[in-house]
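In this note's numbering, the protein residues as written are 1 to 138.
We put the CB at the ideal spot given by N, CA and C, even for glycine.
From a predicted model like this one, the values you see are computed outputs, not experimental measurements.
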Amino acid sequence: MRKAAAVGILGLALLTGATGCAAPGLVCPAIGWINTLEVDASAFAGDVFVQLCVEAGCSSAPGETPSMSSDLAIPVSTGDGVYEIGMTTPDEATVRVYDAAGALIQESEHVINWTLPTDPCGGPGTADPIILTSDAVQ
Numbered sequence: 001m002r003k004a005a006a007v008g009i010l011g012l013a014l015l016t017g018a019t020g021c022a023a024p025g026l027v028c029p030a031i032g033w034i035n036t037l038e039v040d041a042s043a044f045a046g047d048v049f050v051q052l053c054v055e056a057g058c059s060s061a062p063g064e065t066p067s068m069s070s071d072l073a074i075p076v077s078t079g080d081g082v083y084e085i086g087m088t089t090p091d092e093a094t095v096r097v098y099d100a101a102g103a104l105i106q107e108s109e110h111v112i113n114w115t116l117p118t119d120p121c122g123g124p125g126t127a128d129p130i131i132l133t134s135d136a137v138q
């Protein structure tokens with residue numbers, strides 16, 4: 001119930017331009033966006049499964065059926081190493097790589113540097129891809 005109220009308040013703030021970030025008198029459209037992070041695991045030979053974790057939570061693990069969470073900040077794989085993370089811009093991420101049998105073969109921490117839009121109404125941020133190497137500390 002609290003999430004629904006928070007979403008409603010956010011929507012009202014976007015409709016009225018009362019986000020505190022916009023210039024006085026500026027009315028931003030009631031829109032949102034989806035930030036994405038790309039994880040490049042091409043350094044690993046064979047079939048691997050990649051899990052992305054941020055402060056809000058983790059994408060699905062091997063063997064789990066991917067499902068949409070009500071918390072859009074929890075990463076969701078869109079395929080090809082791209083993960084949607086809602087309108088959030090986490091500073092750090094943990095990436096876990098599993099082999100085809102589901103055994104963890106690597107876990108690594110990564111700092112994420114975002115480039116945010118200069119538009120007063122906001123918009124999606126961009127970040128360099130997380131490029132994994134097969135020799136990282138396990």
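| Item | Value |
| --- | --- |
| Cβ-heavy atom distance, A43 to the ligand NAP, below 7 Å | What this structure holds is no ligand at all, so the ligand NAP is not there to describe. |
| Distance, R96 Cα to L132 Cα | 10 Å |
| Endpoints, beta strand (DSSP E) assigned at E64 | First-last for E64: undefined, no H or E at that position. |
| Ordered list of beta strand (DSSP E) runs contained in the region 77-123, each at least 3 residues | 82-84, 92-98, 104-111 |
| Residue environment, I34, which counts as buried when at least 16 other CB atoms sit within 10 Å | exposed |
| CB contact flag (S77, S59, <8 Å) | yes |
| Residues that C53 bridges to, as DSSP identifies them | C58, T94 |
| Nearest candidate by alpha-carbon position, reference I74, set D80, A41, L37, P62 | L37 |
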